Each structure stands twice: as C-alpha cells, then as structure tokens.
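Numbering follows numbering that gives the first Met the number 0, in which position 212 of the sequence shown is assigned residue number 211; successive positions increment by one, without gaps. Okay, so here's the structure we're looking at.
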Amino acid sequence: MSNNEEQDNEDFPVIESLEELEALIAAGEDLTGIDLAGMDLCDAKLGGAKFEGADLSGAKLENADLTKANLQGASLAGAILIGAKLEGANLTEADMAGAVLEGASCKGADFTRADMAGARAPNADLSEATFEEATLAGGYFESANFERANFTGADCSGAVLMNVNASRTQFEDADLSGATLSESKFEGAILIGADISGADASFTVFANADLSGADFAGADLQEADFTGADLSDAEFGGATLEGTTFDEGKGPKSS
Numbered sequence: 000m001s002n003n004e005e006q007d008n009e010d011f012p013v014i015e016s017l018e019e020l021e022a023l024i025a026a027g028e029d030l031t032g033i034d035l036a037g038m039d040l041c042d043a044k045l046g047g048a049k050f051e052g053a054d055l056s057g058a059k060l061e062n063a064d065l066t067k068a069n070l071q072g073a074s075l076a077g078a079i080l081i082g083a084k085l086e087g088a089n090l091t092e093a094d095m096a097g098a099v100l101e102g103a104s105c106k107g108a109d110f111t112r113a114d115m116a117g118a119r120a121p122n123a124d125l126s127e128a129t130f131e132e133a134t135l136a137g138g139y140f141e142s143a144n145f146e147r148a149n150f151t152g153a154d155c156s157g158a159v160l161m162n163v164n165a166s167r168t169q170f171e172d173a174d175l176s177g178a179t180l181s182e183s184k185f186e187g188a189i190l191i192g193a194d195i196s197g198a199d200a201s202f203t204v205f206a207n208a209d210l211s212g213a214d215f216a217g218a219d220l221q222e223a224d225f226t227g228a229d230l231s232d233a234e235f236g237g238a239t240l241e242g243t244t245f246d247e248g249k250g251p252k253s254s
C-alpha cells in the first residue's frame, strides 16, 4: 500500500451512525478500504457506494440497497444480506464465504472470481449475473433464479442447486461434481465440458441443452429429461438412468 493510500485510510471518518454513512455515499465519497465489519446496516441506502476493498465481514445488511455498488475485492464473509438489493453491483474477487443472501435481488451483478464457498442464497434472484471462475463450492442455492447467468469455469462442487431455474445459463467447463441439481431446469443451458459426475440431477430438465463433452459419470439421472440435448462425447458411465428421457437413438444406452 502506498503512503497516499495509508493516509487516505487514516482520514476515514469514524462512522457513528447509518445516517452518517448514507450522507457520505450520497455525497459521492470514495470509501475504498473502509472498515464496516460487523456493523448494523439493515435497510441502508448504499446504492452506488464506492466500497472497493472494504471490510463488511459479518455486517448486517438485511434489505439494504447496494444497487450498482462497487464492492470489488471487498470482504463480505459471513455478512447477512437477506432481501438485499445488489442489482448490477460489482463483486468481482469479493470474499463472500458463508454470506447469507436469502431472497436477495442480484440481477446482473458481477461475481467474477468471487469466493462464495458455503454461501446461502435460497430464493435469490441471480439472473443474468456473472460467476465466471467464482467459487460456490458447498453453497446452498435452493429455488434460486439463475436464468441467463454465466458460470463459465466456476466451482460449484457439492453445492445445492435444487429446484433452480438455470435456463439458458452458461456452465461451460464448470465443476458441478457432487452437486444437488434435482428438480431443476437447465433448458437451453450451455454445459460444454462441465463436470457433473456424482451429482444428483434426478427429475431435472436438460431439454435442448448443449452437454457436449460433459461428464455425468456416477450421476443420479432418474427421470431426467434430455430431449433435444446435444450429448456428443458426453460420459454417462455408472450413471443411474431409470426413467431418463433421451431422443430416440441418441441416449447412452444406444451408443
């Protein structure tokens, strides 16, 4: 860190109230690197905030408005973001391990290379969000909306993605091994080269998805629907295929 940056951090005012913080943000103050760890910021109006590299770990941000906020490289580990608004927010390389985003609205947010290991976001709107090379391993995302999101190269191993809408979502080269994908919709999704080995994808719809080169080895695919899917070079060794639907002559049983 440069001397100027150190001086800037030393010049941060002591935030004694939510009103003070909101006033600074409304004035366009650059709060890069500010320490707000553990603060109660429920219902805060933080839209457009400049929080790059800030420490918000363990902060209470229920129903807070962080629309289009810059949280690049910020720490939100263990933060409570239930019902928060994060539409269009920049969360690239943010630490969100163990954060709770239940019911949060994150449409179009950028989580590129973010660490969301163990995060919980059931019923969250994550449509059109970017998760390229992000870590979501062991996370809980039941009933979340991922429509048109981008998970290229993401680590979703062991994550719970049950009953999610992942229609037209990109999972190229993503790691979904051991994940729970049951009762979800991956219609028209791109899963080229994805690792889905050992996953539970029972009762899941992969209709018209591109699954070329995907690895389903050992996966539970009972009652899954692969109608119209591209299965070229896909691997199904050891997968459970009871009641699974494939286009005539294109399923692994006919290969």
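Where a beta carbon is used, it is the ideal one built from N, C-alpha and C, also for glycine. All values derive from a computational prediction rather than experimental measurement.
Subject >> Same chain only: Cβ atoms within 7 angstroms of glycine 218, ignoring 5 sequence neighbours per side >> reply: Per the sequence presented here, residue 218 reads as alanine, with glycine not at that position. Short of 7 angstroms from the beta carbon of alanine 218, and not among the five residues preceding or following it, lie these beta carbons of its own chain, in chain order: Ile195, Ser196, Gly197, Ala198, Ala200 and Ala238.
Original post:
Alpha carbon to alpha carbon, what distance is there between arginine 112 and threonine 31?
Top reply: It is roughly 19 angstroms from the alpha-carbon of threonine 31 to the alpha-carbon of arginine 112.
Original post:
Under the rule that 16 or more other beta-carbon atoms within 10 Å means buried, what is valine 13, buried or exposed?
Top reply: exposed
Original post:
Going along the chain, which unbroken runs of the beta strand (DSSP E) with 3 or more residues stay wholly within the segment 93 to 128?
Top reply: Whole beta strand (DSSP E) segments, 3+ residues: zero.
Original post:
Near phenylalanine 185, what residues of its chain come up, given a Cβ to Cβ distance below 6 angstroms and the 5 sequence neighbours on each side ignored?
Top reply: Ala165, Phe205 and Ala208
Subject >> glutamate 21, enclosing alpha helix (DSSP H) - first and last residue >> reply: Unbroken alpha helix (DSSP H) run through glutamate 21: 17 to 25.
Original post:
Since asparagine 164 sits in a beta bridge, which residues does DSSP pair it with?
Top reply: Asn144 and Lys184
**OP:** Assuming alanine 123 contacts leucine 135 (C-beta within less than 8 angstroms), just tell me the rounded distance between them.
**Re:** Alanine 123 to leucine 135, Cβ: 12 angstroms. No contact.
Original post:
Roughly how far, in whole angstroms, is the beta-carbon of leucine 70 from the beta-carbon of leucine 90, given that I think they are within contact range, below 8 angstroms?
Top reply: The C-beta distance from leucine 70 to leucine 90 rounds to 5 angstroms, short enough to meet the 8 angstroms contact threshold.
**OP:** Would you mind working out which of Phe140, Gly37, Glu28 and Asp214 sits nearest leucine 45, comparing C-alpha positions?
**Re:** Glu28
Subject >> Backbone CA spacing between glycine 152 and aspartate 214 [nearest angstrom] >> reply: 14 angstroms
Original post:
Whose CA, out of Ala43, Gly236 and Ala36, lies closest to the CA of isoleucine 24?
Top reply: Checking every option, the nearest Cα to that of isoleucine 24 belongs to Ala43.
Subject >> Rounded straight-line distance, which links the Cα of glutamine 169 to that of glycine 212 >> reply: Answer to the nearest angstrom: the Cα atoms are 14 angstroms apart.
Original post:
Considering only the beta carbon of each residue, do threonine 129 and alanine 108 sit closer than 9 angstroms?
Top reply: yes
Original post:
Can you name, in chain order, every residue of its own chain whose Cβ lies under 6 angstroms from the Cβ of alanine 48, other than the five neighbours on each side?
Top reply: Within the same chain, and ignoring the five residues on either side of alanine 48 in sequence, the residues whose Cβ sits closer than 6 angstroms to its Cβ are Ile24 and Ala68.
Original post:
Can you tell me the Cα-Cα spacing of leucine 75 and aspartate 246, whole angstroms?
Top reply: 45 angstroms
Original post:
How would you call aspartate 232, buried or exposed, if buried means at least 16 neighbouring beta carbons within 10 angstroms?
Top reply: exposed
Subject >> C-alpha distance - glutamate 146 paired with aspartate 64, whole-angstrom precision >> reply: When rounded, the distance between both Cα atoms is 22 angstroms.
**OP:** Could you name the residues of the same chain whose beta carbon sits closer than 7 angstroms to that of leucine 17, not counting the 5 residues immediately before and after it, in chain order?
**Re:** Leu40 and Ala43
**OP:** Output the distance between the C-alpha atoms of serine 158 and threonine 179, rounded to the nearest integer angstrom.
**Re:** The question names serine, yet the displayed sequence has alanine at residue 158. Near 6 angstroms, if we compare the C-alpha coordinates of threonine 179 and alanine 158.
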